[in-house]
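Chemist: Which chain is which? The protein sequence lines are A and B, in order. Taking the numbering used here, the leading residue of the first sequence gets 16, the next gets one more, and so forth. Taking the numbering used here, the leading residue of the second sequence gets 177, the next gets one more, and so forth. Heads up, the beta-carbon is just placed ideally off N, CA and C, and yes, glycines get one too. I am attaching a structure below and will ask some questions about it afterwards.
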Amino acid sequence: MDIFANLAHGFAVALSPINLLMCLIGALVGTLVGVLPGIGTIATVAMLLPITFGLPPVGALIMLAGIYYGAQYGGSTTSILVNIPGEATSVVTAIDGHQMAKQGRAGPALAIAAIGSFFAGCVATVLIALLGAPLTKLALAFGPAEYFSLMVLGLIFAVVLAKGSVLKAIAMIVFGLLLSMVGSDIETGASRMAFNIPELADGLGFATVAMGVFGFAEIIRNLDHGAEMNRDLVQQKITGLMPTRKDLADSTPAILRGTVLGSILGILPGGGAVIASFAAYTLEKKLAKNPSRFGRGAIEGVAGPESANNAAAQTSFIPLLTLGIPPNAVMALMVGAMTIHGIVPGPQVMQKQPDLVWGMIASMWIGNLMLIIINLPLVGIWVRLLRVPYRLMFPSIVIFCAIGIYSVNNAPVDVILAGIFGLVGYWLIKHDFEPAPLLLGMVLGPLMEENLRRALLISRGDWSVFLTRPLSAVLLAVAASLLVLTVLPVLRAKRDEVFTESEN
Amino acid sequence: MADTMGHSATATRNTRLALGFCLLAIAPQIIELIWSLGTIPGWGAGRGPGTVVTSHMTALLAGAPSAIFGSFGGGTKKLSSEVLLALIYSYPLFVLAILTFFMPIRSAQDYVGGVVVMAVALFALWAGSDLQGMRGFSFGAGTAPRMFGGLLVALSAGIALTGLLTDGPALAHYSWRGPLFVMAAILFFALAIRPLGLVVTAFASFMIAVTGSHETRWLEAAIVGACLTLGCAILFPYVLGLPMPMFPRFLIQ
């Protein structure tokens, strides 16, 4: 019962009034900043990092955890309300969440996102406490070949979640992979496809491309003739802030499945949380009796990925606390904050500073609780934002996005690039290509290339390594069967279409 | 809706599409030419417009054909980047444009989508052509871009084929007002934020963006724009502590 004693100790630390206040302030500020369109989780945490410098270490980390959860939830809010995902994990939330908002059900979507996140956070907290150390061994079993196969699987998830043609979705993924190649090569340092533009040397930023193909493109498309009708409808039919009993019944299993998936995938460093939310969406779509509802405002499509995302965000602390490996950019910022306070994350932290580790684990749970306390009342305010006439809303979003992108690197070129990607996104919408697979390809591209190179280097150029290593083979087999499962109904539908048309 | 477009329209459509693809085939060259115009007043470094035109013209008309025939003769001379651009990017697209002229297109949306994505892939192949390939077992910098570029060419060919073989929607209608003014606002923001500061830039960009919608009420927009500017001016530099110029540089000095 060592663990429960530890957990109790953690709660004793986290529940002190000062730390509770830190957590509350962190979650509140994180939500308020994260909700601004154009400012994602990474940007929020980076911006607010300095305000924690003056605090004692435990308080600072608790506040940072609060900021992180707040920012993440704020990001989901923007993707639901205005279809601008600030980070890779909320791309999936935008798909069905924004459709729900368009149908006047933004309130239930926001509430379910908060409830799902809270539940997933609770479970993941217990998981961290119970399984932290053993689960890390799973991550260690993953070599480069396994990671490559996992990335392939993750990319196939993106194909499944697309609404339209499979071929187009795969093309978008590969386009995203190509975009991720822009910039310096990780191994040789050679400048690739950067055309001597210094701002491209570091590669295209995720925020830049995401703001472009989602944010700006959506705005431009909404300004089209004929789109006005739809918008006015959205503003009139906002009904009910809280989810109905049916919504809750529909989303409960999705939340449970999302939590399990997210907790497992979150432990894997690199893209774990991203793959988790895409995987949860795919799972829900595959299990649903009527998959055609997805992409048109299915509440499971919000509940599953949001819980998976939060569970993964939570469990991604495991590699950080046990191995000292930051699994994503936000965690890397956390490591930065820890080192500023003189803490070196890694295996020793658990023994040397139990106050800190267990206090932080407990504060994650409290952070999630704060989030639901802050956000359920705020849902009404966020939804009211949708009532702002679009002719005033869209220029404001443009300005916020522009300032947000500029502030990431203080680079005007980034703003222009985002604008260009806005036009690209508009063109993609007009030709029925979906931007979500493109973004996933862009996020996973560098990891995929790195692991592919490493795996082939270790196997001395032998491609069969991906099939001879059991874990990798299983992952690839799952990916292949998913792809077949996705293509089959499409082919069948095509045939049906041909038949119905020939009847006419 | 596709029925009302009628088959009579297909002929003119195809000519326009073919011409469009021809333009797409020399788009990088044109962009470099426009870029090079900047060297006349002395902005930026690079080749002058004269050199750009002659080098690309010779590459397109003489260099590339001779390279093709030269390769049959077994010549392995190092090709210049203009010749490579013509070979890898422009020629395949010219061929496609000619094919388009004769093909009955059943879904313009898919066909054009496929061809344009293929153009992007070909361009990426050219952009990565100077990078090193495989060295024994180890990947060079250019291996992965070439792999994915090749894959994308194949996939986009598949999409274009779908557009030829199955019925589907025609080209969607594009509007120009929204994209134009939103882009103008973004461009203005990017160019003005450093010299003019946040206050002027945010307000001016807001007013440019507002023009993109035809439901605009000017007074209302100006008031909201002013409030938003004030809010941003307080929020970003002071509350969030982002280093950002506030006022025009010439006023401060």
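Among A/Ile-388, A/Gly-85 and A/Ile-333, which has the Cα closest to the Cα of A/Val-60?
Modeler: A/Gly-85
Chemist: Looking at chain A, is there any beta carbon in it that lies within less than 8 Å of the beta carbon of B/Gln-308?
Modeler: Cβ-Cβ to chain A under 8 Å: yes for B/Gln-308.
Chemist: Less than 8 Å between the CB atoms is what I'm expecting for B/Ala-203 and B/Gly-239, so what's the real figure, rounded?
Modeler: 19 Å between Cβ atoms; not a contact.
Chemist: Excluding sequence positions up to five away, which residues of its chain have a Cβ less than 6 Å from the Cβ of A/Met-115?
Modeler: Around A/Met-115: Ala-124 and Gly-312.
Chemist: Thinking C-beta only, is A/Phe-19 closer than 8 Å to A/Ile-143?
Modeler: no
Chemist: Between A/Gly-351 and A/Leu-76, what straight-line distance do the alpha-carbon atoms span, to the nearest angstrom?
Modeler: When only Cα atoms are considered, A/Gly-351 and A/Leu-76 end up about 11 Å apart.
Chemist: Can you tell me the Cβ-Cβ gap for A/Ile-130 and A/Ile-387, rounded? I've got them flagged as a contact below 8 Å.
Modeler: 7 Å
Chemist: Counting only runs that start and end within the region 113 to 193 of chain A, where is the alpha helix (DSSP H) found for 4 or more residues in a row?
Modeler: 121 to 155 and 159 to 176
Chemist: What three-state label does DSSP hand B/Ala-194 in the structure shown?
Modeler: helix
Chemist: Mind listing which residues of the region 359 to 378 of chain B have their C-beta closer than 8 Å to chain A's C-betas, in chain order?
Modeler: Met-359, Ala-361, Ile-362, Leu-363, Phe-365, Ala-366, Leu-367, Ile-369, Arg-370, Leu-374 and Ala-378
Chemist: Is the region 413 to 427 of chain A in contact with the region 342 to 357 of chain B, if contact means three or more CB pairs nearer than 8 Å?
Modeler: Between the region 413 to 427 of chain A and the region 342 to 357 of chain B there are fewer than three inter-stretch CB-CB distances shorter than 8 Å, so the stretches are not counted as touching.
Chemist: Are A/Tyr-83 and A/Gly-55 close, meaning C-beta to C-beta below 8 Å?
Modeler: The beta carbons of A/Tyr-83 and A/Gly-55 sit no closer together than 8 Å.
Chemist: Return the chain-ordered list of same chain residues with a C-beta closer than 8 Å to the C-beta of B/Gly-339, the five sequence neighbours on each side being excluded.
Modeler: Ile-281, Arg-282, Ser-283, Ala-284, Gln-285, Asp-286, Tyr-287, Val-288, Gly-289 and Gly-290
Chemist: For the region 272 to 298 of chain B, enumerate the residues whose C-beta is nearer than 9 Å to any C-beta of chain A, in chain order.
Modeler: Gln-285, Asp-286, Val-288, Gly-289, Gly-290, Val-292, Val-293, Val-296 and Ala-297
Chemist: Rounding to the nearest angstrom, what Cα-Cα distance links A/Ser-126 and B/Ala-402 in this structure?
Modeler: One detail in the question is off: residue 126 of chain A reads as Ala in this sequence, not Ser. Rounded to whole angstroms, A/Ala-126 to B/Ala-402 spans 33 Å at the Cα level.
Chemist: What residues are listed by DSSP as bridge partners for A/Gly-312?
Modeler: Paired residues: none, contrary to the question.
Chemist: Comparing the C-beta of A/Met-78 with each C-beta of chain B, is any distance below 8 Å?
Modeler: no
Chemist: Measure the alpha-carbon distance for A/Pro-404 versus A/Trp-442 and round it to whole angstroms.
Modeler: Spanning the alpha carbons of A/Pro-404 and A/Trp-442 requires a straight line of approximately 25 Å.
Chemist: Express the C-alpha separation of A/Ala-494 and A/Pro-208 in angstroms, rounding to a whole number.
Modeler: Here residue 208 of chain A is Met; the residue named in the question, Pro, does not match the sequence. The straight-line gap from Cα to Cα measures roughly 30 Å.
Chemist: Could you tell me whether the region 359 to 378 of chain B touches the region 414 to 433 of chain A, using the rule of 3 or more Cβ pairs below 8 Å?
Modeler: yes
Chemist: I want to see whether chain A comes within less than 8 Å of B/Phe-324, judged by CB atoms only; does it?
Modeler: Chain A, which has a Cβ nearer than 8 Å to the Cβ of B/Phe-324, makes this yes.
Chemist: Report all residues from its chain with a CB closer than 7 Å to the CB of A/His-24; omit the five preceding and five following residues, and keep chain order.
Modeler: Only Pro-369 and Trp-373 meet the Cβ criterion.
Chemist: Starting from the beta carbon of B/Leu-331, find every residue of chain A whose beta carbon is closer than 8 Å, and list them in chain order.
Modeler: Leu-182, Ile-185, Ala-186 and Val-189
Chemist: Exposed or buried, what is A/Leu-432 when buried is set at 16 or more other beta-carbons lying within 10 Å of its beta-carbon?
Modeler: Under this definition A/Leu-432 is a buried residue.
Chemist: Does the pairing of the region 28 to 48 of chain A with the region 313 to 325 of chain A give three or more beta-carbon distances under 8 Å?
Modeler: no
Chemist: CB-CB under 8 Å to B/Val-163, same chain, minus the five flanking residues each way: which ones, in chain order?
Modeler: As displayed, chain B neither begins before 177 nor continues past 429, which places residue 163 of chain B out of reach and without an answer.
Chemist: Comparing alpha-carbon positions, which option in A/Ile-188, A/Leu-490, A/Ile-66 and A/Leu-467 lies nearest B/Ala-317?
Modeler: A/Leu-467
Chemist: Taking C-beta pairs closer than 7 Å, name the residues in chain B that A/Met-257 reaches, listed in chain order.
Modeler: Those do not exist, as A/Met-257 stays about 30 Å from chain B at its closest Cβ, beyond 7 Å.
Chemist: To the nearest angstrom, how far is the alpha carbon of B/Ala-201 from that of A/Val-423?
Modeler: 35 Å
Chemist: Indicate whether A/Leu-4 and A/Val-189 have their beta-carbon atoms separated by less than 8 Å.
Modeler: The requested residue 4 of chain A is not part of the displayed model; chain A covers only 16 to 519.
Chemist: Quick check on DSSP: helix, strand or coil for A/Arg-469?
Modeler: helix
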